[in-house]
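Comments concern the structure below.
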Amino acid sequence: DAGVIQSPRHEVTEMGQEVTLRCKPISGHDYLFWYRQTMMRGLELLIYFNNNVPIDDSGMPEDRFSAKMPNASFSTLKIQPSEPRDSAVYFCASVGLAINEQFFGPGTRLTVL
Amino acid sequence: DAKTTQPPSMDCAEGRAANLPCNHSTISGNEYVYWYRQIHSQGPQYIIHGLKNNETNEMASLIITEDRKSSTLILPHATLRDTAVYYCIVRVANYGQNFVFGPGTRLSVLP
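From first to last, the protein sequence lines are chains A and B.
Going by this note's numbering, the first residue of the first sequence is number 1, and it counts up by one from there.
Going by this note's numbering, the first residue of the second sequence is number 1, and it counts up by one from there.
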């Protein structure tokens with residue numbers, strides 16, 4: 001298995017633009033997590049899904065952020081409109097039924113100018 | 001989840017054992033101790049976890065005190081590639097539950 005796949009790896013955009021981050025979890029994993037990491041706040045959970053259904057989105061900072069999981073092999077995190085304070089590394093992780101550990105993707109480094 | 005306390009940073013000489021402590025004095029009986037690490041610019045990586053018994057795998061050993069209020073992660077022969085931030089997390093072993101990452105310990109392995 002290729003592990004958790006995220007794209008793009010790097011994204012540079014201007015304030016006000018829409019940004020879409022993508023994640024493909026490990027096949028067979030039924031939980032998917034989106035995290036954000038900054039120097040100031042560390043690693044924060046934004047939202048997680050179980051069987052494609054959002055379970056806890058209390059970490060989503062505001063209405064500008066939205067996440068979807070249309071099927072078991074794909075999820076998106078969208079920011080519209082983006083702001084400079086959204087600059088961070090965004091990680092996706094997945095967990096399987098019989099496994100206690102989260103597998104993280106390589107992350108997307110977002111820079112909003 | 002119970003909170004954990006870790007030193008912000010530690011140094012270790014290459015080839016020596018690295019002992020990373022973690023305090024979790026309010027841990028509940030059904031909560032496990034997990035360790036993850038994050039090498040610069042990569043996603044966090046699972047290392048090991050345990051409930052009450054000491055655990056060992058190919059990466060590390062986990063020593064949990066009898067009262068379960070603290071634990072130590074041991075990297076037996078640290079290499080330069082072990083330089084990373086190490087996170088100690090306590091959580092119920094329900095795979096659907098979130099992992100709450102604290103600031104961790106920044107381990108620097110020195111040549």
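All C-beta atoms in this analysis are idealised placements derived from N, C-alpha and C, irrespective of residue type, glycine included.
For the stretch 87-105 of chain A, list every residue whose C-beta sits within 9 Å of some C-beta in chain B, in sequence order. Contacts with chain B (Cβ-Cβ distance below 9 Å) from the stretch 87-105 of chain A involve V89, F91, C92, A93, V95, G96, L97, A98, I99, N100, E101, Q102, F103, F104, G105, listed in chain order.
Report the three-state DSSP secondary structure of R85 of chain A (helix, strand or coil). Start at 1 with the first residue of the first sequence, and residue 85 of chain A comes out as number 85. Looking at R85 of chain A - three-state DSSP - the assignment turns out to be helix.
Shorter than 8 Å from the beta carbon of G28 of chain A to some beta carbon of chain B? Indexing the first sequence from 1 puts residue 28 of chain A at position 28. Chain B, which has no Cβ nearer than 8 Å to the Cβ of G28 of chain A, makes this no.
Considering only the beta carbon of each residue, do L75 of chain B and A18 of chain B sit closer than 8 Å? The residue given as residue 75 of chain B occupies position 75 in the second sequence. The residue given as residue 18 of chain B occupies position 18 in the second sequence. Remark: C-beta atoms of L75 of chain B and A18 of chain B approach each other more closely than 8 Å.
Spatial distance of T83 of chain B from R106 of chain B (CA atoms): Along the second sequence, read from residue 1 onward, the residue named residue 83 of chain B stands at position 83. Along the second sequence, read from residue 1 onward, the residue named residue 106 of chain B stands at position 106. The alpha-carbon atoms of T83 of chain B and R106 of chain B are separated by roughly 8 Å.
Alpha carbon of R85 of chain A to alpha carbon of D63 of chain A, nearest angstrom: Mapped onto the first sequence, residue 85 of chain A falls at position 85. Mapped onto the first sequence, residue 63 of chain A falls at position 63. The straight-line gap from Cα to Cα measures roughly 14 Å.
If the criterion is Cβ atoms closer than 8 Å, does the pair C23 of chain A and G105 of chain A meet it? Translated into the one-based positions of the first sequence, residue 23 of chain A becomes position 23. Translated into the one-based positions of the first sequence, residue 105 of chain A becomes position 105. Their beta carbons are under 8 Å apart, which means C23 of chain A touches G105 of chain A by this criterion.
Is the stretch 33-47 of chain A close to the stretch 77-94 of chain A, with three or more CB pairs under 8 Å? Taking 8 Å as the limit for Cβ pairs, the verdict is that the stretch 77-94 of chain A does touch the stretch 33-47 of chain A.
Can you tell me whether V4 of chain A is buried or exposed? The criterion is at least 16 other CB atoms within 10 Å of its CB, across all chains shown. Within the first sequence, numbered from 1, the residue matching residue 4 of chain A stands at position 4. So V4 of chain A counts as buried.
Is the Cβ-Cβ distance between G102 of chain B and T26 of chain B less than 8 Å? One-based indexing of the second sequence puts residue 102 of chain B at position 102. One-based indexing of the second sequence puts residue 26 of chain B at position 26. When the beta-carbon positions are compared, G102 of chain B and T26 of chain B stay at least 8 Å from each other.
Using a Cβ cut-off of 7 Å, pull out every chain B residue sitting near G42 of chain A, in sequence order please. Taking the first residue of the first sequence as position 1, residue 42 of chain A is located at position 42. Residues of chain B whose Cβ lies closer than 7 Å to the Cβ of G42 of chain A are, in chain order, F101, P103.
List the residues of chain D whose Cβ lies closer than 7 Å to the Cβ of L45 of chain A, in chain order. Here the protein chains are A and B, and chain D is not one of them.
Meets three-Cβ-pair contact criterion under 8 Å: the stretch 8-18 of chain A and the stretch 53-67 of chain A: Short answer: they don't touch.
Cα separation between Y34 of chain B and R36 of chain A? For the purposes of this step, residue 34 of chain B is taken as residue 34 along the second sequence, with counting starting at 1. For the purposes of this step, residue 36 of chain A is taken as residue 36 along the first sequence, with counting starting at 1. One C-alpha to the other measures close to 20 Å.
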